[in-house]
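Enquirer: Please see the structure below; I have some questions.
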Amino acid sequence: MVELFIMEYLTVLYMIMAFLFMDSRYSRRRTLFIVSSVTLLLMAAVAALHRAVDVDAAFWIYAVTIHIPLILLLFTLSRFRGWRLIFQQLSVVLFCTLIHHGTGLIYYLSGGRFWVLVVSYAVLSTGVIWFLLRFLRPLFFQILLELHRGWWLICLAMATYYIIAVYLIPGYAGFDRSSTILKPAVALLMLGFYSILIFLFTSIKNEMAARHNAQMSTLQLSALQSRMEAVKAAENAIRTERHDLRHRLQAVAELVSRGDKKSALEFLDAAQKRLDEQKEVRWCRPPVLDAVFSSYFDQAKNQGIQVEAKIALPHALPVNEGELAIVLANALENAIHANQALPPEQRSIHCRMVGTPSIILELSNPCTGAVFFDNEGLPVAQREGHGLGVQSICTFCRKNGAACQFDRSNGWFRFRLIL
Numbered sequence: 308m309v310e311l312f313i314m315e316y317l318t319v320l321y322m323i324m325a326f327l328f329m330d331s332r333y334s335r336r337r338t339l340f341i342v343s344s345v346t347l348l349l350m351a352a353v354a355a356l357h358r359a360v361d362v363d364a365a366f367w368i369y370a371v372t373i374h375i376p377l378i379l380l381l382f383t384l385s386r387f388r389g390w391r392l393i394f395q396q397l398s399v400v401l402f403c404t405l406i407h408h409g410t411g412l413i414y415y416l417s418g419g420r421f422w423v424l425v426v427s428y429a430v431l432s433t434g435v436i437w438f439l440l441r442f443l444r445p446l447f448f449q450i451l452l453e454l455h456r457g458w459w460l461i462c463l464a465m466a467t468y469y470i471i472a473v474y475l476i477p478g479y480a481g482f483d484r485s486s487t488i489l490k491p492a493v494a495l496l497m498l499g500f501y502s503i504l505i506f507l508f509t510s511i512k513n514e515m516a517a518r519h520n521a522q523m524s525t526l527q528l529s530a531l532q533s534r535m536e537a538v539k540a541a542e543n544a545i546r547t548e549r550h551d552l553r554h555r556l557q558a559v560a561e562l563v564s565r566g567d568k569k570s571a572l573e574f575l576d577a578a579q580k581r582l583d584e585q586k587e588v589r590w591c592r593p594p595v596l597d598a599v600f601s602s603y604f605d606q607a608k609n610q611g612i613q614v615e616a617k618i619a620l621p622h623a624l625p626v627n628e629g630e631l632a633i634v635l636a637n638a639l640e641n642a643i644h645a646n647q648a649l650p651p652e653q654r655s656i657h658c659r660m661v662g663t664p665s666i667i668l669e670l671s672n673p674c675t676g677a678v679f680f681d682n683e684g685l686p687v688a689q690r691e692g693h694g695l696g697v698q699s700i701c702t703f704c705r706k707n708g709a710a711c712q713f714d715r716s717n718g719w720f721r722f723r724l725i726l
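If you want this note's numbering, it's the 1-based position in the sequence shown plus 307.
Rendered as structure tokens:
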């Protein structure tokens, strides 16, 4: 019965780890239902396996019985593919194996007491899961999104440990003396490798955070400088108009004295239009977003792109204003670049954004070229070095629980964001 308990417990532990390590493409409730259903089926299969064959054969077949359905489950649910999917699979196996080998050592040293086995599993599992939720899970998800190379080398090291610990070292931790000593020893070496890996991931995260902060600071500075220049230009124009006001009043008075009211009204109307042209345009209340809108709309107009914008945002936002400004800057920059390939008479940007009941943004521009989307509905970059704006937008959405959508229909490319 001890052997059956170990296999059933490890089955549940594998599925819990798979759920924690997986960034599912489905809702949390649906993912939990699928994982729970698969767990029950695997537990029934393990019980049947234990009853059908002897203990040695059951332990040997167990790994295949669990790991093949696990990789199929991750392939079905996970957002990631390729080596990153393999990394998720091997991470699940690694942490479960570490818990199992550590527990096996404690169980063996206790003289085979069953209650020690249960307590050891509970304590080690709780500690690892807490560490995973508190530190590793957010770090891994961010690295999975940002790191695009080197995964095969990491997977090779983890796969080597898996093959050595599970298949090349004979016996079972907790039952055989040699395996009980060797497998935890190899596990300690793997912990050292994983510590280096965590240090590497943390360094990459810090570098990305520094790059993001620099990008945000540059964007804010550039947008605010552009806004200040626009305000200064408007002030200078108004100052000039004010200086010339007495001359205009004198001219109007002369026209009225002659009885030429029509010419006087036309003269005043022309002066009013000149003042309206110099009036400062304020797009929204949040200052950084207003500066971004002003900067990129001015860029668009300078390139002959017609801008149609309807923006209604409150002063207080539910997310960091600077991060949302980067999303807008990336989206507007992509729209401007797409318009540059069109004839001047077809260039246009439509922007609609509201802040209640939630932040909703729709940005559209005409598009005549082919646009390809991946299996997640994200546009695929056609040239090396492009597509970074879309990645930045997706990172913002994952961090803040937002939903974004890209589509192309009726000759228009549309980007929608709901927060």
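Every residue, glycine too, gets a C-beta built ideally from N, C-alpha and C.
Could you give the C-beta distance for Ala638 and Gly676, rounded to a whole number, given that I count them as a contact under 8 angstroms?
Expert: Not a contact, Cβ separation roughly 18 angstroms.
Enquirer: Can you list, in chain order, the residues of its chain whose CB lies under 8 angstroms from that of Leu446, leaving out five sequence neighbours each side?
Expert: For Leu446, where only same-chain residues beyond five positions count, the Cβ hits under 8 angstroms are Ile505, Phe508, Thr509 and Lys512.
Enquirer: Identify every residue that forms a DSSP beta bridge with Asn672.
Expert: DSSP lists Phe720 as partners of Asn672.
Enquirer: With a threshold of 16 other CB atoms inside 10 Å of the CB of Pro673, please say whether the residue is buried or exposed.
Expert: Burial call: buried.
Enquirer: Pop quiz: Ser417 and Val423 are said to be a contact at Cβ under 8 angstroms. What is the actual Cβ separation, rounded to whole angstroms?
Expert: Contact holds; Cβ gap of about 4 angstroms.
Enquirer: In angstroms, rounded to a whole number, what distance separates the CA positions of Gln396 and Ser331?
Expert: Distance between the alpha carbons of Gln396 and Ser331 is about 13 angstroms.
Enquirer: For Ala677, which of helix, strand or coil comes out of DSSP?
Expert: DSSP places Ala677 in coil when its eight states are reduced to three.
Enquirer: With a CB to CB cut of under 8 angstroms and the five nearest residues on each side skipped, what residues in its chain are close to Leu440?
Expert: So the qualifying residues of the chain are Leu327.
Enquirer: Below 8 angstroms on the Cβ atoms is my contact criterion, and I expect Leu392 with Leu380 to pass it. Report the Cβ-Cβ distance as a whole number of Å.
Expert: Not confirmed; about 11 angstroms, so no contact.
Enquirer: Apply the 10 Å Cβ neighbour rule to Phe402 and answer buried if 16 or more other Cβ atoms are within range, or exposed otherwise.
Expert: Flag for Phe402 reads buried.
Enquirer: Just how far apart, CA to CA, sit Leu724 and Arg715?
Expert: Whole-angstrom Cα-Cα distance: 15 angstroms.
Enquirer: Which whole-angstrom value describes the C-beta separation of Met660 and Ile618, a residue pair presumed to lie in contact below a C-beta threshold of 8 angstroms?
Expert: About 5 angstroms; that satisfies the 8 angstroms criterion.
Enquirer: Between His693 and the rest of its own chain, which residues show a CB-CB distance below 6 angstroms, the 5 nearest in sequence each way excluded?
Expert: Caution is warranted here: a pLDDT of 47 is assigned to His693, below 50, making its placement in the model unreliable, and no coordinate value can be reported.
Enquirer: Can you tell me whether DSSP reads Pro445 as helix, strand or coil?
Expert: Three-state DSSP puts Pro445 in a helix.
Enquirer: Roughly how many angstroms lie between the CA atoms of Ala710 and Ser334, to the nearest whole one?
Expert: Cα to Cα, Ala710 sits roughly 12 angstroms from Ser334.
Enquirer: Going by DSSP, what residue range makes up the beta strand (DSSP E) through Ser655?
Expert: It spans Ser655 to Val661 - the beta strand (DSSP E) in which Ser655 sits, taken as one unbroken run.
Enquirer: Which residue wins for smallest C-alpha separation from Trp719, given the options Trp590, Ile341 and Ile656?
Expert: Among Trp590, Ile341 and Ile656, the Cα nearest to that of Trp719 is on Ile656.
Enquirer: Tell me where the beta strand (DSSP E) around Val614 begins and ends.
Expert: First-last of the beta strand (DSSP E) with Val614: Gln613 to Ala619.
Enquirer: Cutting at 8 angstroms between CB atoms, please list the residues of its own chain near Glu691, excluding the five before and the five after it.
Expert: Here the model assigns Glu691 a pLDDT of 44, short of 50, so the residue's position is not dependable, and the following value carries that caveat. Once the five neighbours on either side are set aside, Glu691 has no close Cβ partner at all.
Enquirer: Mapping the DSSP letters down to three states, classify Gln712 as helix, strand or coil.
Expert: Strand at Gln712.
Enquirer: Is it true that the CB of Val400 sits closer than 8 angstroms to the CB of Pro376?
Expert: No, the pair does not count as a contact, with Cβ atoms beyond the cut-off.
Enquirer: For Gly499, would you say it is in contact with chain D, using Cβ-to-Cβ distances shorter than 8 angstroms as the test?
Expert: Protein chains in the displayed structure number just one, and chain D is not present.
Enquirer: Examine the Cβ distances between the region 477-491 and the region 403-414 and report whether three or more of them are shorter than 8 angstroms.
Expert: Output reads yes: the region 403-414 touches the region 477-491.
Enquirer: My output table needs one value for Ser331: the three-state DSSP class, helix, strand or coil.
Expert: Residue state, collapsed to three classes: strand.
Enquirer: Between which residues of its own chain and Ala608 is the CB-CB distance below 8 angstroms, once the five residues before and five after are set aside?
Expert: In the sequence on display, residue 608 carries Lys and not Ala. Cβ neighbours of Lys608 beyond the five flanking positions: Val614.
Enquirer: If you count every other CB in all the chains shown that lies within 10 Å of the CB of Phe394, and 16 or more means buried, which is it?
Expert: Classification for Phe394: buried.
Enquirer: Quick one: give me the first and last residue of the alpha helix (DSSP H) that Leu463 is part of.
Expert: Element bounds for Leu463: Trp458 to Ile470.
Enquirer: Output needed for Gln606: all residues of its chain with C-beta closer than 7 angstroms, excluding positions within five of it in sequence on either side, in chain order.
Expert: Answer for Gln606: Ile643, listed in chain order.
Enquirer: Run through DSSP, which three-state label would Ile378 get?
Expert: It is helical.
Enquirer: I need the boundaries of the alpha helix (DSSP H) containing Cys403, first residue and last residue.
Expert: Where Cys403 is concerned, the enclosing alpha helix (DSSP H) stretches over Trp390 to Leu416.
Enquirer: Please state if the CB of Val599 and the CB of Leu635 are separated by a distance shorter than 8 angstroms.
Expert: The answer is yes: Cβ separation under 8 angstroms.
Enquirer: For Ile373, which of Pro477, Phe387, Trp390 and Thr404 has the nearest alpha-carbon?
Expert: Among Pro477, Phe387, Trp390 and Thr404, the Cα nearest to that of Ile373 belongs to Thr404.
Enquirer: From the DSSP output, in three-state form, read off Ile666 for me.
Expert: Three-state DSSP puts Ile666 in coil, outside helix and strand.
Enquirer: I'd like to confirm the pairing. Which residues does DSSP put opposite Ser385 in its beta bridges?
Expert: Bridge partners of Ser385: Ser331.
Enquirer: Do the CB positions of Tyr468 and Val493 come within less than 8 angstroms of each other?
Expert: In contact: Tyr468 and Val493 (Cβ atoms closer than 8 angstroms).
Enquirer: Considering only the alpha carbon of each residue, which of Glu652, Ile666 and Glu640 lies closest to His622?
Expert: Of the candidates Glu652, Ile666 and Glu640, the one whose C-alpha sits nearest the C-alpha of His622 is Ile666.
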